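Let me begin by presenting the structure, written as structure tokens, before commenting on it.
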Amino acid sequence: MKLINKEFEKRKNAMLFFCSNVRYPFKTKVYKLLYFLDFLHFKQTGRPVTDLEYYTFDYGPVPLKLHQEIIKDEIPEELKDCFNILKEKDEITGKEKYAKFISLRMPNLNVFTEREKEILEKVAIIFKDAQAKDMTEITHLKNEPWDKTLKEKGKYQKIDFLLALDKDATISEEIAKERMRLSKDIKDLFQ
Numbered sequence: 010m011k012l013i014n015k016e017f018e019k020r021k022n023a024m025l026f027f028c029s030n031v032r033y034p035f036k037t038k039v040y041k042l043l044y045f046l047d048f049l050h051f052k053q054t055g056r057p058v059t060d061l062e063y064y065t066f067d068y069g070p071v072p073l074k075l076h077q078e079i080i081k082d083e084i085p086e087e088l089k090d091c092f093n094i095l096k097e098k099d100e101i102t103g104k105e106k107y108a109k110f111i112s113l114r115m116p117n118l119n120v121f122t123e124r125e126k127e128i129l130e131k132v133a134i135i136f137k138d139a140q141a142k143d144m145t146e147i148t149h150l151k152n153e154p155w156d157k158t159l160k161e162k163g164k165y166q167k168i169d170f171l172l173a174l175d176k177d178a179t180i181s182e183e184i185a186k187e188r189m190r191l192s193k194d195i196k197d198l199f200q
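Residue numbering for the sequence shown follows my numbering, beginning at 10 and increasing consecutively.
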């Protein structure tokens, strides 16, 4: 149980950190920031930071479980003390135009390892002034995980973290697979 809470604490505090340290913390941008955090960390260690699973949507990778809770006009219960979501709908279509995360408190960076903090800060600095539409080009780059998954499996499919392993990865595929297996086994023990 403690392990799952640790991952949740990292997810929550990563979102708080991004919302406090970047401009335009709208839903799509926050999703992309979490994606970069997780995939960059995976390239180095063989494990993501937040334990979110990402799927191929039109505008890039989406953490599906989190997204499903937010589109139901709900902040997940365990995040209600951390965020408000300001939503605006199109007057004609009634569809959501945007959802902006408003932080209600500061992040607790003590939940992160030094490596995780370094990547978190690096991602925030790189995309500080970017809007989600600017980031879409990067997530859609040819032969990157979103692009490969979309081409091989289509829309709304889970993006395999192993696709992040490229020539710049500091971990081998074999070690990454072993760490993923161990992580799954440990989670299964606590569920």
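By construction, the Cβ of each residue, glycine as well, lies at the ideal position given by its N, Cα and C atoms. Note that the coordinates shown come from a computational prediction; the quantities given were computed from them, not determined experimentally.
- In the three-state DSSP reduction, lysine 104 falls in the coil class, being neither helix nor strand.
- A straight line joining the alpha-carbon of aspartate 47 with that of leucine 172 spans about 12 Å.
- With respect to phenylalanine 35, alanine 108 sits close: the two C-beta atoms are nearer than 8 Å.
- Put simply, the backbone Cα of leucine 61 is about 8 Å away from that of lysine 74.
- Burial is judged here by how many other beta carbons sit within 10 angstroms of a residue's own beta carbon; glycine 69 has at least 16 and is buried.
- Annotation for phenylalanine 92: the continuous beta strand (DSSP E) segment containing it runs 92-98.
- The beta carbon of arginine 114 is closer than 8 Å to those of Leu25, Asp90, Cys91 in its chain, skipping five residues each way along the sequence.
- By the Cβ rule, the stretch 37-51 counts as touching the stretch 123-140, because three or more pairs are nearer than 8 Å.
- The beta carbon of leucine 150 sits closer than 8 Å to those of Asp156, all from its chain and outside the five residues before and after it, given in chain order.
- The three-state secondary structure of valine 71, taken from DSSP, is strand.
- Cβ-Cβ distances below 6 Å link alanine 178 to Lys52 in the same chain, with the five nearest sequence neighbours on each side left out; the list follows chain order.
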